[in-house]
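Reading through the structure tokens given below for one structure.
There are 2 protein chains.
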Amino acid sequence: MKTEATTDGRLLRGEATRERVLDAAERCFGERGYDDVSIRQIATEAGVTLGVIGFHGGSKLELFRTVLTRRVETLNAARRKRLADLMSRQDRPDLRSLIDAYLTPYLEIASRGDQQWRSYARLIARIATDDRWYAEMRPLYDPVAHEYLAIIGRIHPNAGPEKLAAALTLTVASMLALVASRIRISGLSEMPDRGSPLQYREMLVDFCAGGFEKMLR
Amino acid sequence: MKTEATTDGRLLRGEATRERVLDAAERCFGERGYDDVSIRQIATEAGVTLGVIGFHGGSKLELFRTVLTRRVETLNAARRKRLADLMSRQDRPDLRSLIDAYLTPYLEIASRGDQQWRSYARLIARIATDDRWYAEMRPLYDPVAHEYLAIIGRIHPNAGPEKLAAALTLTVASMLALVASRIRISGLSEMPDRGSPLQYREMLVDFCAGGFEKMLR
DNA sequence: GTCTATATGTAGATAGAC
DNA sequence: GTCTATCTACATATAGAC
């Protein structure tokens, strides 16, 4: 719960265990969702006993919320950086570049070699269809979304807020589908999967940009 | 389990109970997913006792599968009928009409006054992000999808099967978002929700048609 | 900080009375 | 065909030993 440092700055043993617990929970929840995972399974996955989970993670619900929120700011920062880079180069960036800037950070974390970030991306894609969780996430994700929508609104002054919000919602749903439902593409096409969400980036950004343009036209 | 008719053709009491059980299960699963629902809750919702659920629905898993599959053919038939109507009027329908024909039946069942169909639509939107269930649904839904893709492929002969499959997958994800995540549109825009998925039909079809066109261009 | 042991609740499933 | 009673398993949570 509390962070403590030794004299030389290294983390205490307890802090390392806490990380193991959170990482294990992230993997379990990402693969199977909330209800289908028991804290016993998380304990086994983390290589600790049941009591340790309670000590470091609190209740199952608290543990889940911690996992959901601990990586949000990293993702937000990546989206903000890409937007800032874009705006520093041109005052009115084109729609496709804006959408690419919003979508790519998520595709990247979902495609990492590192399994932890992939699990987190999978988890977000999972909870997106469940109001009980996503209601808690919205306040964390919406501010950056609003920053993007403000810029897009400047480029398309005729588009009302409802259409802008709808277009972004459908864009995000498409993005999440590349993590949660990519298997359907290979299933429908009978072609091998490309291996990671990032390899569908061009198609995804084309689809969403085309959708935005047609909706806002 | 077995269907029996009385002399005058009305259903036996047992058959009516079975319907009550399946309807109650559909509502519960649609609102909360598989793992978060107990068969005890389904029994309460159906107004029967626990044993009756087992008698008519089998195990929880069998019950869930029955609920998932019993409405598929109705939806498939609606999609096929709209496609046939379209093809009878013109040999090469435009892309937007094709997408509209594919999406509208689902939007309609998700917007019905009748709660049962709405619950089913919600359930489909829920399981779409979960491979363990959707893998079972794909064989049921894919044949109609292939019929649509064959027509679209004729109109866009340069589009390969992978792009066609990807575009349809993102289209379906967008469609499902209007049932599972519509609240995000009102949340992001600070405007009231329109009340039913069907009222976003124009926006959705525009988005998906624009996405298809840009991807296949 | 970690582990063992256990309290307490609820899950799914079903046997047998009615 | 339906209901009651119950079996067994496993869930979350935590008190207290180490």
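Chains as they are written, first to last, in our numbering: chain A, 1 to 217; chain B, 1001 to 1217. We put the beta carbon where it would ideally sit given N, CA and C, even for glycine.
### Task
State buried or exposed for B:Thr1169, treating a residue as buried only when at least 16 other CB atoms are found within 10 Å of its CB.
Walking along the second sequence from the start, residue 1169 of chain B turns up at place 169. The residue in question, B:Thr1169, is buried, as its Cβ has 16 or more Cβ neighbours within 10 Å.
### Query
Taking Cβ to Cβ, would you say A:Pro161 is nearer than 8 Å to B:Met1203?
Along the first sequence, read from residue 1 onward, the residue named residue 161 of chain A stands at position 161. Along the second sequence, read from residue 1 onward, the residue named residue 1203 of chain B stands at position 203. The Cβ atoms of A:Pro161 and B:Met1203 do not sit closer than 8 Å to each other.
### Query
What is the C-beta distance between A:Leu164 and A:Ile152, in whole angstroms, given that I count them as a contact (C-beta under 8 Å)?
Numbered from 1 along the first sequence, position 164 holds the residue referred to as residue 164 of chain A. Numbered from 1 along the first sequence, position 152 holds the residue referred to as residue 152 of chain A. With 8 Å as the limit, A:Leu164 and A:Ile152 qualify as a contact, their Cβ atoms being about 6 Å apart.
### Query
With burial defined as no fewer than 16 other Cβ atoms inside 10 Å of the residue's Cβ, what is the status of B:Thr1007: buried or exposed?
Counting from one through the second sequence, the residue named residue 1007 of chain B turns up at place 7. For B:Thr1007, the predicted model reports a pLDDT of 36, less than 50, meaning its position is unreliable; a value from the coordinates is still stated below. Exposed, by the Cβ-count rule.
### Task
Would you list, in sequence order, the uninterrupted alpha helix (DSSP H) runs of no fewer than 4 residues that lie entirely inside the stretch 1007 to 1051 of chain B?
1013 to 1032 and 1039 to 1046
### Task
State buried or exposed for B:Leu1123, treating a residue as buried only when at least 16 other CB atoms are found within 10 Å of its CB.
As a working mapping, residue 1123 of chain B is identified with position 123 in the second sequence. With 16 or more other Cβ atoms within 10 Å, it is buried.
### Query
What is the DSSP secondary structure of A:Pro105, counted as helix, strand or coil?
The residue you call residue 105 of chain A lines up with position 105 of the first sequence. Helix, per DSSP.
#### Entry: Within chain A, partners of B:Cys1208 - CB distance below 7 Å
On the second sequence, residue 1208 of chain B is found 208 positions in, with the first residue counted as 1. Correct list: Gly211.
### Residue environment, A:Lys214, which counts as buried when at least 16 other CB atoms sit within 10 Å
Translated into the one-based positions of the first sequence, residue 214 of chain A becomes position 214. Buried, because 16 or more other Cβ atoms sit within 10 Å of the Cβ of A:Lys214.
### Query
Can you find a heavy atom of the ligand PLP that lies under 7 Å from the Cβ of A:Arg201?
With respect to the ligand PLP, the structure offers nothing, as it holds no ligand at all.
### Message
Can you tell me whether A:Pro93 is helix, strand or coil according to DSSP?
### Response
Position 93 of the first sequence holds residue 93 of chain A. A:Pro93: coil per DSSP, three-state reduction.
### Task
Compare the C-alpha of A:Gln305 against each of A:Phe29, A:Tyr134 and A:Pro143 and name the closest.
Since the first residue shown for chain A is 1 and the last is 217, residue 305 of chain A is missing from the structure and cannot be characterised.
### Message
Using a Cβ-Cβ cutoff of 7 Å, what residues of the stretch 1073 to 1105 of chain B are near chain A? List them in chain order.
### Response
none
#### Entry: At least three beta-carbon pairs within less than 8 Å, the stretch 1081 to 1091 of chain B to the stretch 1049 to 1062 of chain B
no
### Task
Answer with buried or exposed for B:Ile1127, where buried requires no fewer than 16 other C-beta atoms within 10 angstroms of its C-beta.
Within the second sequence, residue 1127 of chain B is the residue found at index 127, counting from 1. Its Cβ being crowded by 16 or more others within 10 Å, B:Ile1127 is buried.
### Query
What are the start and end residues of the alpha helix (DSSP H) that includes B:Ser1186?
Locating residue 1186 of chain B in the second sequence gives position 186, counting from the first residue. Ile1183 to Ser1189 is the extent of the alpha helix (DSSP H) around B:Ser1186.
### Message
Is it the case that the stretch 185 to 199 of chain A contacts the stretch 1192 to 1200 of chain B, given that we only count it when at least three CB pairs across the two stretches are under 8 Å?
### Response
Taking 8 Å as the limit for Cβ pairs, the verdict is that the stretch 185 to 199 of chain A does not touch the stretch 1192 to 1200 of chain B.
### Query
What's the call for A:Glu26, buried or exposed, on a 16-neighbour Cβ count within 10 Å?
As a first step, residue 26 of chain A is located in the first sequence; it is residue number 26 there, counting from the start. With 16 or more neighbouring CB atoms inside 10 Å of its own CB, A:Glu26 falls in the buried class.
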